[in-house]
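*Asks:*
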Amino acid sequence: MIRIRPKTRALMTFIATRRVADIVAGYGFVLPALLLIGAFVFLPAVYGFLVSFTRWDMMSPTRTFVGLSNYAELLESSEFWRSLAVTMYYLVGTIPITMALGLALAVALNRQFRGVTFFRLVFYSPVVTSTVAMAVVWLWMYDPINGILNYFLLQVGLPPQKWLGSSATAMPSLIAMDIWKYVGYDMVLYLAGLQSIPADLYEAVEVDGGGRWARFRSITWPLLAPTTFFILVISIINRFRVFATVHTMTGGGPAGATEVIVYFLYKQAFQYFKVGYAFAIAYVLFVMIFGMTLAQWRIGKSVHYQ
Amino acid sequence: MRVFARRCLSTPGRITFAALGMILVLLSFQVPASGQGQVTIAFWHAMDGPKTPVLIGMVRDFAKENPAIKVDVTFQGDYTDVVRKVQAGIAANALPNLVMLGQRHGIPNISDSGKLLVLDSYVTAEDRKDISPGLFGRYTHDRKVMAIPFLISTPVLHINASRFREVGLAPDKDPATWDDLVDYAKKLTRDVNGDGRIDQWGFHTHGDIAWHVFSFIYQNGGTLYGRDGQATLDSREVIEAIQFWSDLVHKHKVMPALTHAGASRLFVAGNLGIFQRSSAFVEGAAAQIGSRFDYRVGFLPKKRFLAVPSGGAGLGVFKSTPEKEKAAIALLKYLTGTRGIATFSKGTGYITFRRSSAALPDMQAFFADNPREHVAAQQIEYARTNPPHRADGAVWDGLENVIEKVETDAKADIPALLKELNARVNREIARYR
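Protein chains in written order, with numbering that gives the first Met the number 0: chain Y, 0 to 305; chain A, 0 to 432.
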């Protein structure tokens, strides 16, 4: 046995009983991830917040402090409000339809038949496909002169559309593409939700003489409420961040009809070199999404089953 | 699984993890390797597509002639991507030595960072005589030369001479004036198969709309900014140019609205008579058209002047150590010298903008064999551009917006739109110095 001095032994006992080693190990395991998130998320966020009070183009060595004037400029800027309205249009256009279609698909594919996995795969594959690659293909499909969509319209005697070339149809075109891309995501989440509903609840409805619609209305839909709530929150957060499709397909046009808020931010930072202003936009966006999520959480509390 | 977890959490396990972690962190620090007495410089460029090997080949030839210099060449995306990466590079202090800077926007802003080397002392009097001042001016900021022109293009008219013949136009005559352009385009716009829809269009431009609008503005004698640095986008000349554009779509109906992205395909398929696009498109067009129709290249029309905007990029040098700057300047001179520009032009279709390069016997022979390439080399003499301005990005974006509104709406109030744009641009100019 090694002879240990009483004080040292007391210290070792202290460490052992308070499980300090465990605590240190715990933090040690988390440290790499913490460092990464700290370096790539928190630090830039704090830095960006500070820069939002300056006028800077990210290149010149001097940064001019301008207080709240970036935020004031934002609130007075008609382009900012328009980009917000465009983003809202996008949200309202995509989310309800994607969720409804996702639910319908989930209900339809929530059973065992030969090929069900194939169908689930088919509907989910757009979700994992590269957004930019898809955007390029859809650009060709939407081409007003050579595109396949107009070709089909002409075949059935309907007038060809301008799709991305008209302010009226550009956003609906992007919305259609987004729905196609993400319906599989909602479907998979709803499938998981559906499969957690115990089968005997359905039997109870059948015994009471209810048909398929009664089953849906009284069992499926209420028990899916947590899933619906979750999908809604995630969808809103994700759709607010749309950028790649706009950048690849329309460049915010025509005449700003598809200039969503993140694209507006991008242009301010990299075309107008107003980096402080862009950070101010980013923070306003953050506050809005945070506020919306918070509001949903409050409403959502009543949604979960007691 | 539980036994494994317990083993990991034991003292020897934790020590192992800590050691692994430290090794990983150390590995992430890379030590660059460099030969004895060699200088390594980094070159960022924005060339992609089939022409890139020409640039890479030239850099390689330079390296062969200069064994003490090693060049790391990196493709960084398009001109806007390069500007973005420079922005990030300035903040992170990770800049290349030689960089390709697009003339469209960004040069004044990058210059103001103080990181670009002023090139005045490296430009000789011969250089100034050799390069058209209108072109050189595009790379001069605050009266200092910040980049040397390298990859230069102008818009040209890509012409379907077969269609010209079919509708009774002389196949080798360019539309000389705006009126000629309307006249030719009207004849070329027709419904070939009688289904009530137009199948062949008379005139169209490529998707870099603002650049083509500039050509009409300059031809009409207008400018984007006045001598005081304020925007002049609501001047009479600019209004008339935009009105002409609107008339092409709505009054004369020779240009389909808002389909610029597909215009190249339309032309290559033979369904567009006159197509305005960069001179850099010539080789690609010829390859895609093959023998489908007679393809020739024509000059832009004039209104008050024959004037063309310049496009493309120049090469700039970032400040660093004296050896690296010297090496970068050596590469710069190699690429942009008389021989360099000739080699580059021949291989890529970008313009032989140096008069000495165009006069070289092998270039003259090249032009004789390739008359299409000669048009832009002659047109560059009429380059008329504003010096780069901090608000160029805003002007480009704003004008594109105005054009999109104008093409969509025949009744758009052009003077009002331009007045609003002008006020907005001037507000930005005032805010940002």
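Just so you know, even glycine gets a beta-carbon here, dropped at the ideal spot from N, CA and C.
Could you confirm whether any beta carbon from chain A is found closer than 9 Å to the beta carbon of Y:P171?
*Replies:* no
*Asks:* Figure out for me which residue from A:H157, A:V296 and A:H44 has the closest Cα to the Cα of A:D80.
*Replies:* A:H44
*Asks:* On the criterion of 16 or more Cβ atoms from any shown chain inside 10 Å, does Y:Q305 qualify as buried, or is it exposed?
*Replies:* Note that Y:Q305 scores a pLDDT of 42, beneath 50, so its modelled location is shaky; the value from the coordinates is reported in the next line. So Y:Q305 counts as exposed.
*Asks:* Taking the alpha carbon of Y:F215 as the reference point, which residue from Y:L200, Y:F229 and Y:F228 has its own alpha carbon closest?
*Replies:* Y:L200
*Asks:* For A:F61 versus A:A329, is the C-beta spacing smaller than 9 Å?
*Replies:* Yes. Within cutoff.
*Asks:* Span of the alpha helix (DSSP H) holding A:P300?
*Replies:* Taken as a continuous stretch (DSSP letters only), A:P300 belongs to no alpha helix (DSSP H), as it is neither H nor E.
*Asks:* Does the CB of A:R5 have a neighbour CB from chain Y at under 9 Å?
*Replies:* no
*Asks:* In this structure, does DSSP put Y:Q111 in helix, strand or coil?
*Replies:* coil
*Asks:* Can at least three beta-carbon pairs, one atom from the segment 6-20 of chain Y and one from the segment 291-301 of chain Y, be found at a separation below 8 Å?
*Replies:* Judged by Cβ distances under 8 Å, the segment 6-20 of chain Y makes no contact with the segment 291-301 of chain Y, as fewer than three pairs qualify.
*Asks:* For Y:Q305, does the three-state DSSP call read helix, strand or coil?
*Replies:* Low confidence applies to Y:Q305: its pLDDT is 42, below 50, so where it sits in the model is not reliable, and the reading given next is rough at best. Looking at Y:Q305 - three-state DSSP - the assignment turns out to be coil, as it is neither helix nor strand.
*Asks:* Straight-line CA distance for Y:N109 to Y:Q194?
*Replies:* 8 Å
*Asks:* With a 10 Å radius around its C-beta and 16 neighbouring C-beta atoms as the bar for buried, classify A:N92 as buried or exposed.
*Replies:* In summary, A:N92 is exposed, with fewer than 16 beta-carbon neighbours lying within 10 Å of its beta-carbon over all protein chains present.
*Asks:* Taking DSSP's pairing of strands, which residues face A:N159 in a bridge?
*Replies:* Looking at the DSSP output, A:N159 shares a beta bridge with A:Y294.
*Asks:* Would you tell me roughly how many angstroms separate the C-alpha atoms of A:I216 and A:S245, rounded to the nearest one?
*Replies:* Spanning the two alpha carbons is a distance of roughly 13 Å.
*Asks:* In chain order, what are the residue ranges of uninterrupted alpha helix (DSSP H) at least 4 long that sit wholly in the segment 219-304 of chain A?
*Replies:* Along the length of the segment 219-304 of chain A, whole alpha helix (DSSP H) runs at least 4 residues long occupy 235-249, 262-267 and 281-288, reported in chain order.
*Asks:* Which value, in whole angstroms, describes the spacing of the CA atoms of A:F202 and A:L359?
*Replies:* 35 Å
*Asks:* Cα separation between Y:Y271 and A:V424?
*Replies:* 10 Å
*Asks:* Distance check for A:D207 and A:D190, CA to CA, integer angstroms please.
*Replies:* 27 Å
*Asks:* Quick check: what's the CA-CA separation for Y:M140 versus A:H373?
*Replies:* 37 Å
*Asks:* Please determine if the segment 172-179 of chain A and the segment 126-133 of chain A are in contact, where contact requires at least 3 C-beta pairs separated by less than 8 Å.
*Replies:* Contact between the segment 172-179 of chain A and the segment 126-133 of chain A is absent, because fewer than three Cβ pairs lie under 8 Å.
*Asks:* Does A:P95 pass the burial test, meaning 16 or more other C-beta atoms within 10 Å, or should it be called exposed?
*Replies:* buried
*Asks:* 9 Å is my cut-off, CB to CB: does A:N96 come that close to chain Y?
*Replies:* no
*Asks:* Exposed or buried, which one is A:R235 when buried takes at least 16 other CB atoms within 10 Å?
*Replies:* exposed
*Asks:* Based on the DSSP output, what are the partners of Y:G210 in its beta bridges?
*Replies:* DSSP lists no partner for Y:G210.
*Asks:* Do Y:W162 and Y:G146 have their beta-carbon atoms positioned less than 9 Å apart in this structure?
*Replies:* yes
*Asks:* Using a 10 Å radius around the Cβ and a threshold of 16 neighbouring Cβ atoms, would you call Y:E202 buried or exposed?
*Replies:* Under a 10 Å Cβ-count criterion, Y:E202 is classified as exposed, with fewer than 16 other Cβ atoms of the shown protein chains found around its own Cβ.
*Asks:* On a CA-only basis, which of A:R371, A:D233 and A:T342 is nearest A:D361? Give me that one, please.
*Replies:* A:T342
*Asks:* Would the beta-carbon of Y:D56 fall within 9 Å of that of A:Q86?
*Replies:* Less than 9 Å separates the beta-carbon of Y:D56 from that of A:Q86.
*Asks:* Between the segment 124-156 of chain Y and chain A, which residues of the former have a C-beta closer than 7 Å to a C-beta of the latter?
*Replies:* D142, P143, I144 and N145
*Asks:* Please report the straight-line C-alpha distance between A:V166 and A:A268, rounded to a whole angstrom.
*Replies:* 17 Å
*Asks:* Could you pull out every residue in the same chain whose Cβ sits closer than 7 Å to the Cβ of A:Y224, ignoring the five residues on either side in sequence?
*Replies:* So the list reads A230, T231, N385 and H388, once near-sequence residues are dropped.
*Asks:* Expressed to the nearest angstrom, what Euclidean distance is found between the alpha-carbon atoms of A:I340 and Y:L264?
*Replies:* 39 Å
*Asks:* Looking at the strands, I want to know which residues DSSP matches up with A:P154.
*Replies:* In the DSSP output, where bridge partners are listed per residue, A:P154 has A:S277.
*Asks:* For a quick check, are the C-beta atoms of A:E125 and A:S355 less than 9 Å apart?
*Replies:* yes
*Asks:* Along the chain, where does the beta strand (DSSP E) containing A:V316 start, and where does it finish?
*Replies:* Residues G310 to V316.
*Asks:* With a CB to CB cut of under 8 Å and the five nearest residues on each side skipped, what residues in its chain are close to Y:G47?
*Replies:* F278, A281 and Y282
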